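Asker: This structure is in structure tokens; I'll ask about it shortly.
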Amino acid sequence: MHSYLLRRLLLIIPTLFGIMLINFAVVQVAPGGPVEQMLANLQGLDTSTSSRLGGSTQAELRGPSNTGDTSKYRGAQGLDPALIKKIESLYGFDKPAHERFWIMIKNYATFNFGESFYRDQKVTDLIIEKLPVSISLGLWSTLIIYLISIPMGIRKAIKHGSAFDVWTSSIIVIGYAIPGFLFAIFLIVAFAGGSYFDWFPLRGLVSSNWHDLSLIGKIIDYFWHLVLPITALVIGGFATITMLTKNSFLDEINKQYVITARAKGLSEHQVLYGHVFRNAMLIIIAGFPGLIIEIFFTGALLIEVIFSLDGLGLLSFESVLNRDYPVFFGTLFIFTLLGMLVKLISDLTYHWVDPRIDFETRDN
Numbered sequence: 000m001h002s003y004l005l006r007r008l009l010l011i012i013p014t015l016f017g018i019m020l021i022n023f024a025v026v027q028v029a030p031g032g033p034v035e036q037m038l039a040n041l042q043g044l045d046t047s048t049s050s051r052l053g054g055s056t057q058a059e060l061r062g063p064s065n066t067g068d069t070s071k072y073r074g075a076q077g078l079d080p081a082l083i084k085k086i087e088s089l090y091g092f093d094k095p096a097h098e099r100f101w102i103m104i105k106n107y108a109t110f111n112f113g114e115s116f117y118r119d120q121k122v123t124d125l126i127i128e129k130l131p132v133s134i135s136l137g138l139w140s141t142l143i144i145y146l147i148s149i150p151m152g153i154r155k156a157i158k159h160g161s162a163f164d165v166w167t168s169s170i171i172v173i174g175y176a177i178p179g180f181l182f183a184i185f186l187i188v189a190f191a192g193g194s195y196f197d198w199f200p201l202r203g204l205v206s207s208n209w210h211d212l213s214l215i216g217k218i219i220d221y222f223w224h225l226v227l228p229i230t231a232l233v234i235g236g237f238a239t240i241t242m243l244t245k246n247s248f249l250d251e252i253n254k255q256y257v258i259t260a261r262a263k264g265l266s267e268h269q270v271l272y273g274h275v276f277r278n279a280m281l282i283i284i285a286g287f288p289g290l291i292i293e294i295f296f297t298g299a300l301l302i303e304v305i306f307s308l309d310g311l312g313l314l315s316f317e318s319v320l321n322r323d324y325p326v327f328f329g330t331l332f333i334f335t336l337l338g339m340l341v342k343l344i345s346d347l348t349y350h351w352v353d354p355r356i357d358f359e360t361r362d363n
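Here numbering that gives the first Met the number 0 is used: the first residue of the sequence shown is 0, the next is one more, and so on.
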């Protein structure tokens, strides 16, 4: 197992390098980069933009009237070529693409992700600032999904074909079919002052007076803000785990060792939770880390937008739209690294739950 673990850790390096290289290459040909956006702001005479260039005046921004402009950037017509070079230097585009890539990789190897182009903050500080929202959504959603799915899946397996199994399956199918963002909008309309009730807050993770509340008041306020977004995430998330749990238990219940245990006189409870549970829950437990990461960084994106929750998913999405490359590549690097580490943890969890699973033998 140790050699398997070492190989997997070493494999992370070329995989991460390849993913960063592909995305960097795609970005180079995508229009609307930071230089183009700066030029567009300059053409609109944005005073905040000119201040970033040292307070350049309108006369300084405009070059000679006949410069024979052949700039590769849209919106550069009529601007001084020296100014364009200054903008390129500001964003690091004065260097060839391959040189910029190697500089980025060397910095990322020491977890130096630079500063945002537009937020005047370090990327690491931005990520740390957004973490509470993503942790809140990911952690509580995952825990609630498992607390609902596992007992329901076991019950459905025991009562397979009964009325309980049928009507719960109907609820699961309906919940799975409703998009989370659509259900979130319904919750806002129904319970957040949209058209009917005004029971829950609409925006943010805490109230504006949160720091003035008592400890109990802070806890209540925090969970009160989470009710609607967590409900929207959970409504479609428990379906897969529930059916997976049910099918895993049904598969194990029909195996020979269960028949043997029953023949020895063991009670149904002992058979179910003493023998079946460990084997049936193998795939469920092993998938726990991956589900958390999925909800952290992907599943909660639209929920963050709808409920104005400024988390990591929204940060990554906005960085793509704004061409904020340090934030985009920094979050991509971290998410990819975390994803590969979580996959490794899932494999280790498989082995921990069932030592009979030997990944090292499988690879040979």
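C-beta atoms are modelled at their ideal positions from N, C-alpha and C, and glycine is treated no differently.
Just so you know, these numbers come straight off a predicted model, no measurement behind them.
#1: Cα separation between E317 and I149?
#2: Nearest to V233 by alpha carbon, out of V326, Y175, D346 and I11?
#3: Give me whichever residues DSSP pairs with E114 in a beta bridge.
#4: For F328, count the other beta carbons within 10 Å of its own beta carbon; 16 or more makes it buried, fewer makes it exposed. Which is it?
#5: If we count Cβ pairs, one from each stretch, closer than 8 Å, do we get three or more for the stretch 107-123 versus the stretch 328-339?
#6: Give the C-beta separation of I171 and M242 to the nearest angstrom, bearing in mind that I take them to be a contact with Cβ-Cβ under 8 Å.
#7: Would you report the Cα separation of T56 and V25, rounded to the nearest angstrom?
#8: Might you give, ordered along the chain, the residues of its own chain that have their beta carbon closer than 6 Å to the beta carbon of A96, omitting 5 neighbours on each side?
#9: In angstroms with no decimal places, state the Cα-to-Cα distance between L320 and L300.
#10: Measure the beta-carbon distance from V132 to G310 and round it to whole angstroms, keeping in mind my assumption that it falls under 8 Å.
#11: Can you tell me the Cα-Cα spacing of K217 and N208, whole angstroms?
#12: Taking all protein chains shown into account, do 16 or more other C-beta atoms lie within 10 angstroms of the C-beta of K84, making it buried, or fewer, making it exposed?
#13: With H, G and I counted as helix, E and B as strand and the rest as coil, what does DSSP make of D197?
#14: Between the stretch 250-257 and the stretch 224-231, are three or more C-beta pairs nearer than 8 Å?
#15: State yes or no: is the C-beta of F248 within less than 8 Å of the C-beta of V205?
#16: Which residue's Cα is closest to the Cα of T239: Y324, F92 and Y145?
#17: Measure how close the beta-carbons of D197 and A191 come, nearest whole angstrom, since I'm counting them as under 8 Å.
#18: In the DSSP assignment, what residue or residues form a beta bridge with A191?
#19: So, does the CB of L281 fall closer than 8 Å to a CB anywhere in chain C?
#20: Measuring alpha carbon to alpha carbon, tell me which of L347, G273, D220 and G236 ends up nearest E251.
#21: Helix, strand or coil: how does DSSP classify R7 here?
#22: Exposed or buried, P13, counting other C-beta atoms within 10 Å across all chains shown (16 or more means buried)?
Answerer: Taking the coordinates as given:
#1: The residue given as residue 317 occupies position 318 in the sequence shown. The residue given as residue 149 occupies position 150 in the sequence shown. Distance between the alpha carbons of E317 and I149 is about 36 Å.
#2: As a working mapping, residue 233 is identified with position 234 in the sequence shown. Residue Y175 is the option with its Cα nearest to V233.
#3: In the sequence shown, counting from the first residue as 1, residue 114 sits at position 115. K121, per the DSSP bridge assignment.
#4: By 1-based counting over the sequence shown, the position of residue 328 is 329. With 16 or more Cβ atoms within 10 Å of its Cβ, F328 is classed as buried.
#5: Between the stretch 107-123 and the stretch 328-339 there are three or more C-beta pairs closer than 8 Å, enough to call the two in contact.
#6: Position 172 of the sequence shown, counted from the start, is the residue given in the question as residue 171. Position 243 of the sequence shown, counted from the start, is the residue given in the question as residue 242. In this structure, I171 and M242 form a Cβ contact; the two beta carbons are roughly 7 Å apart against a cut-off of 8 Å.
#7: As a working mapping, residue 56 is identified with position 57 in the sequence shown. As a working mapping, residue 25 is identified with position 26 in the sequence shown. Reliability fails at T56, whose pLDDT of 48 lies under 50, so the model's placement of it is uncertain and the value that follows must be treated cautiously. Cα to Cα, the separation comes out at about 35 Å.
#8: Along the sequence shown, one-based indexing puts residue 96 at 97. Taking C-beta separations shorter than 6 Å and ignoring five residues to either side along the sequence, the partners of A96 in its chain run Q27, following chain order.
#9: On the sequence shown, position 321 is the one that residue 320 refers to. On the sequence shown, position 301 is the one that residue 300 refers to. Looking at the two C-alpha atoms, the distance is approximately 14 Å.
#10: Locating residue 132 in the sequence shown gives position 133, counting from the first residue. Locating residue 310 in the sequence shown gives position 311, counting from the first residue. Right, their Cβ atoms sit about 3 Å apart.
#11: The residue given as residue 217 occupies position 218 in the sequence shown. The residue given as residue 208 occupies position 209 in the sequence shown. Using only the alpha carbons, I get a separation of about 9 Å.
#12: The residue labelled residue 84 in the question sits at position 85 within the sequence shown. The residue is exposed, with fewer than 16 neighbouring Cβ atoms inside 10 Å.
#13: Translated into positions along the sequence shown, residue 197 becomes position 198. In the three-state reduction of the DSSP assignment, D197 falls in the strand class, which pools E and B.
#14: The stretch 250-257 is not in contact with the stretch 224-231.
#15: Taking the sequence shown and counting its residues from 1, one reaches residue 248 at position 249. Taking the sequence shown and counting its residues from 1, one reaches residue 205 at position 206. Cβ atoms of F248 and V205: not closer than 8 Å.
#16: Indexing the sequence shown from 1 puts residue 239 at position 240. The shortest C-alpha to C-alpha distance from T239 to any of Y324, F92 and Y145 is the one to Y145.
#17: Translated into positions along the sequence shown, residue 197 becomes position 198. Translated into positions along the sequence shown, residue 191 becomes position 192. The pair is a contact, with the Cβ atoms about 7 Å apart (cut-off 8 Å).
#18: Mapped onto the sequence shown, residue 191 falls at position 192. Looking at the DSSP assignment, A191 forms a beta bridge with D197.
#19: Note that chain C does not occur in the displayed structure, where there is just one protein chain.
#20: Against the sequence shown, residue 251 aligns to sequence position 252. Residue nearest to E251 within the set L347, G273, D220 and G236 is G273 (criterion: CA-CA distance).
#21: As a working mapping, residue 7 is identified with position 8 in the sequence shown. Residue state, collapsed to three classes: helix.
#22: Position 14 of the sequence shown, counting from 1, holds the residue named residue 13. With fewer than 16 Cβ atoms within 10 Å of its Cβ, P13 is classed as exposed.
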